[in-house]
Structure formats: structure tokens, C-alpha cells
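Numbering (our numbering), first residue to last: 465 to 566.
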């Protein structure tokens, strides 16, 4: 998968579309996928910002005004993926952890 396709797929638009479809009862159980897409969208925005005048929480370059907000997001992003797990099974009642690195 190339980066452009990943960025389009893991976007806030996809996240909002999933949640909208769930509200309309067209699909169910997509909240985790929508959250996953939103988290990656925000991370992409932080890493790909170029315009000081851009709109969006994470679309502008890091500066003294937004550094604390970005640190909070990055800490939450790290924690989100550190706790990323498969669904529970008999062997792993709390779900097997996906990322095993120390």
C-alpha cells in the first residue's frame, strides 16, 4: 500500500463516514475502526504539515502555541497502540497484545 492510499483510507472523512453509517443503522460495530482511522489521520497531519495558515487541530506546524496539545495527542496515540489487542480468546482472556516490542 502506498502512503497516499493509506492517508486517504485512514482519514477523518472515512472515520466520519463510518460513524454516520452506524447512526443510520447501515453498519454496526465500526466505532473502533473509526477511532483507528481518526488517530492515524491526526498523526499524518502532524507529520505532514506545511502551511502556517492551514485549518485543523494538527495541520499546522508545531509551535509554542500548539506544542502541549500535540504532546498530549502523541502520548495518547502511543498509549492507544501500546494497548492494541486482538479480541479475547480462551488463551488470552484480555486479548493478545498486537505490538510486543519493549
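Backbone N, C-alpha and C define an ideal beta-carbon position, used for all residues, glycine too.
For clarity, every value in this text was computed on a predicted model and none was experimentally measured.
Can you list, in chain order, the residues of its chain whose CB lies under 6 Å from that of residue 550, leaving out five sequence neighbours each side? Here residue 550 is taken as the residue at index 86 of the chain shown, counted from 1. Closer than 6 Å at Cβ, skipping near neighbours: 559 and 560.
Is it the case that the Cβ atoms of residue 458 and residue 548 are separated by a distance below 8 Å? Absent from the model: residue 458. The displayed extent of the chain is 465 to 566, so no value can be given.
According to DSSP, is residue 549 helix, strand or coil? Here residue 549 is taken as the residue at index 85 of the chain shown, counted from 1. DSSP places residue 549 in strand when its eight states are reduced to three.
Looking at the strands, I want to know which residues DSSP matches up with residue 561. Sequence index remark: in the chain shown, residue 561 carries index 97 (1-based). 549.
Measuring CA to CA, which of 467, 504 and 472 is closest to residue 540? Within the chain shown, the letter at position 76 stands for residue 540. The closest CA to that of residue 540, considering only 467, 504 and 472, is found on 504.
Simplified DSSP assignment, three categories, for residue 488: The residue given as residue 488 occupies position 24 in the chain shown. Look at residue 488 here: in three-state DSSP terms it is coil, with no helix or strand label.
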